[in-house]
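Working notes, structure below.
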Amino acid sequence: FDDILNSVFTSSPTVALIVGTLLDNTLEAVSSVRDRGLSWWLPFQREKGDVRNEEFYRFPVNFHDFIPARYLY
Numbered sequence: 001f002d003d004i005l006n007s008v009f010t011s012s013p014t015v016a017l018i019v020g021t022l023l024d025n026t027l028e029a030v031s032s033v034r035d036r037g038l039s040w041w042l043p044f045q046r047e048k049g050d051v052r053n054e055e056f057y058r059f060p061v062n063f064h065d066f067i068p069a070r071y072l073y
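Going by this note's numbering, the sequence shown runs without a break in its numbering and finishes at 73.
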């Protein structure tokens, strides 16, 4: 078990991911909303928030005809 933890936490990408996530979410999180890209991301969080959502997530070639309506929102 110790070897697994050593190999994970000595990996540079893993350490960078942990440190980056920690710093991104703790240092001046409120004042840096625009710098973090959250203002760009928020319209895509809602189903009808941006017109590009439907265009991006729609099924190709009329697959919606084969899927029952209860699975479509």
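No residue lacks a Cβ here, since even glycine has one placed at the ideal position from N, Cα and C.
query: The alpha helix (DSSP H) spanning L23 covers which residue range?
result: The residue labelled residue 23 in the question sits at position 23 within the sequence shown. Counting along the chain, the unbroken alpha helix (DSSP H) around L23 starts and ends at 12-26.
query: Does the distance from the C-beta atom of R34 to that of D24 stay below 8 Å?
result: Along the sequence shown, read from residue 1 onward, the residue named residue 34 stands at position 34. Along the sequence shown, read from residue 1 onward, the residue named residue 24 stands at position 24. Annotated as distal: R34 and D24, with beta-carbon spacing of 8 Å or more.
message: Could you tell me the alpha carbon to alpha carbon distance between L17 and F1, rounded to whole angstroms?
response: Counted from its first residue, the sequence shown places residue 17 at position 17. Counted from its first residue, the sequence shown places residue 1 at position 1. Taken atom to atom, the span from the alpha-carbon of L17 to that of F1 is near 22 Å.
- prompt: Near D3, which residues of its chain fall below 6 Å by C-beta distance, leaving aside the five closest residues on each side in sequence?
  reply: Counting from 1 along the sequence shown, the entry for residue 3 is found at position 3. So the list is empty, once near-sequence residues are dropped.
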